[in-house]
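Everything below concerns the one structure shown next.
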Amino acid sequence: MKKQRPVNLDLSTISMPATAKASILHRVTGVALFFALTFVIWAWSESLSSAQGFEFVKSLFTGFIAKFIAWGTITVLIYHLIGGFRHLIMEMGHWEELESGNNSAKAAIALWIVLAIAAGAWIWF
1 MKKQRPVNLD
11 LSTISMPATA
21 KASILHRVTG
31 VALFFALTFV
41 IWAWSESLSS
51 AQGFEFVKSL
61 FTGFIAKFIA
71 WGTITVLIYH
81 LIGGFRHLIM
91 EMGHWEELES
101 GNNSAKAAIA
111 LWIVLAIAAG
121 AWIWF
């Protein structure tokens with residue numbers, strides 16, 4: 001039996017609410033954290049292996065790419081924590097209504113942007 005359903009393959013025409021964006025972003029940051037941990041664990045391992053390893057990692061973190069990776073890892077962690085707290089509050093029965101859910105999602109994203117800028121200032125300046 002063939003189902004005749006409309007198919008929309010142009011994803012740019014789909015308007016997602018803030019709650020959907022926040023949820024998707026929380027999942028994406030979780031996956032990004034998993035991959036970022038490989039860099040973090042390697043840096044910890046190398047820096048603890050010897051004095052030369054520590055100096056190598058220290059010199060590596062003065063470059064732009066390493067600072068960008070560190071900033072990305074920190075911003076991903078920040079959003080994942082904010083989203084996690086938001087989900088915990090929702091699990092306790094708050095912010096489950098449509099309006100409060102949208103407002104909490106917008107607030108979480110806005111707070112993340114502010115903290116990401118602050119983390120960038122902390123790393124680069």
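1 is the number of the first residue of the sequence shown in full-length UniProt numbering; add one for each residue after it. C-beta: ideal position from N, C-alpha, C; glycine also.
Query, Result
"Would the region 85 to 92 and the region 101 to 114 be scored as touching if the rule is three or more Cβ pairs under 8 Å?", "yes"
"Quick check on DSSP: helix, strand or coil for Q4?", "coil"
"For the alpha helix (DSSP H) containing H94, list its first residue and its last residue.", "Taken as a continuous stretch (DSSP letters only), H94 belongs to no alpha helix (DSSP H), as it is neither H nor E."
"Since H80 and T19 are thought to touch, with beta carbons under 8 Å apart, how far apart are those beta carbons, to the nearest angstrom?", "With 8 Å as the limit, H80 and T19 do not qualify as a contact, their Cβ atoms being about 17 Å apart."
"Taking DSSP as the reference, what is the three-state secondary structure of T62?", "coil"
"Would V31 and A43 qualify as a contact pair, given that the criterion is a beta-carbon distance under 7 Å?", "no"
"Using a threshold of 7 Å, state whether the C-beta atoms of A119 and I74 are closer than that.", "yes"
"Less than 7 Å between the C-beta atoms of V76 and L33, yes or no?", "yes"
"What whole-angstrom Cβ distance do F61 and A70 have, given they're in contact under 8 Å?", "7 Å"
"To the nearest angstrom, how far is it from the Cα of P6 to the Cα of T13?", "14 Å"
"Between I109 and A22, how many whole angstroms is the CB-CB distance? I'm expecting something under 8 Å.", "6 Å"
"Just to confirm, does S45 get its C-beta within under 6 Å of one of the non-hydrogen atoms of the ligand NAD?", "As far as ligands go, the structure on display features none, and thus does not contain the ligand NAD."
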